[in-house]
Every structure is written in structure tokens, then in C-alpha cells.
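Please read the structure below before turning to the comments.
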Amino acid sequence: MKANGTVFKYGDNVDTDVIIPARYLNSSDPAELAQHCMEDIDKEFVKKVRKGDIIVANKNFGCGSSREHAPIAIKAAGVSCVIAETFARIFYRNSINIGLPIIECPEAAQNIEAGDEVEVDFDSGIITNKTKGTSFKGQAFPEFMQKIIKAEGLINYINSQQ
5 MKANGTVFKY GDNVDTDVII PARYLNSSDP AELAQHCMED IDKEFVKKVR KGDIIVANKN
65 FGCGSSREHA PIAIKAAGVS CVIAETFARI FYRNSINIGL PIIECPEAAQ NIEAGDEVEV
125 DFDSGIITNK TKGTSFKGQA FPEFMQKIIK AEGLINYINS QQ
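My numbering puts the first residue of the sequence shown at 5, with every later residue one more than the last.
As C-alpha cells, this is what we get:
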């Protein structure tokens, strides 16, 4: 399983209220949430993001509230993967539960820049910056997590097992 896209880069402590501002939480429709994804930190994000693009951030991405709306908005906006130095634990779990691949790799997060073209191989954990010709070793997803992501989330995965 792989992801390939152009990078949107953010710093430390990107919280769920920035990922999807609370004023839009009156909807649980993924398409509606996607229209407002990242708008309080990057007004151009929804206009520029393309299917398959990748978010790269520094420490503690997804901190704040435990709402699932944040990873849903990111995934619905077309983002194929989020790479960060570290993730808030509840955001990490929510992302896997809804089928959004995320990978921790401090070295990649520090060296990849906005606009770089990046490929992520989830089987090996290898993150390749195609723009700079560099590679980094992140943590590969265990097989059961890959199955959840391929099924587009935990509920779909469970339903497929029955």
C-alpha cells in the first residue's frame, strides 16, 4: 500500500480546532467538513489540495479535542497520508479508525518541505522525498492496521469479517 502526493507543511501543536473549526461541527457530512479543513491555519488549503496529497507536520499533530471530525475532514479533503514527528494519541487512534493513514517519522517531518513530492510505502515504512531524492524510515503499519485502512475504516473492516 502506497501514498503519493504533494506536501502541505505545518508546525507543532496543530490542534483539532484548527483542522476543523468548531463552528462547522453542526455537520457530520465528510464532504461538508472537507470544505473547511485547515481553513483557520491555511486559507488556501481547500483550494489547493488534490486527491493524494500529503500533510507533513512537526510535533503533537491532532492535539486538542477527541472528535473524529478532524481526521474525517482531512481524509475527505483528499489527503492520502499525514506524516508527523508525533501525533496526539486520540488523533492517531481516530485516524486509523476512519481509515486515514498516518505515520510518525521525526526525520522526515524535519526535512520535508511544503511543495515537495513525497511517496510513502506503508508496508516498509519508507518515506521517499522525490523532489530532493532522500528517503526516511518511518514505522511500517502492522498488517491488521493496513487491513483497517484498506477497508476505509474499522467499522467497514469489522463488517467485512462477518
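Where a beta carbon is used, it is the ideal one built from N, C-alpha and C, also for glycine. Bear in mind that the values here come from a model prediction, so they are computed numbers and not experimental data.
Identified DSSP bridge partners for residue i
i, result
"Thr132", "Glu123, Ser139"
"Lys52", "Answer by DSSP bridge pairing: none, since Lys52 is not bridged."
"Lys6", "Asp125"
"Cys67", "Asp19"
Opening and closing residue of the beta strand (DSSP E) in which residue i lies
i, result
"Glu108", "106-108"
Burial state of residue i, where buried means 16 or more other Cβ atoms lie within 10 Å
i, result
"Phe140", "buried"
"Lys136", "exposed"
"Ala113", "buried"
For residue j and residue i, believed in contact at Cβ under 8 Å, the rounded distance
i, j, result
"Val11", "Glu117", "7 Å"
"Ile24", "Ala77", "4 Å"
"Val122", "Leu104", "Actually they do not touch by this definition, with Cβ atoms about 16 Å apart."
"Val255", "Ile100", "The shown model of the chain, from 5 to 166, leaves out residue 255, and the question about it has no answer."
"Phe145", "Phe126", "5 Å"
"Ala80", "Ala38", "4 Å"
Boundaries of the alpha helix (DSSP H) in which residue i is found, first to last residue
i, result
"Ile76", "73-80"
Coil, strand or helix - residue i by DSSP
i, result
"Ile162", "helix"
"Lys47", "coil"
"Ile170", "Absent from the model: residue 170. The displayed extent of the chain is 5 to 166, so no value can be given."
"Ile58", "strand"
"Phe12", "strand"
"Glu156", "coil"
"Ala147", "According to the sequence shown, residue 147 is Glu rather than Ala. Helix, per DSSP."
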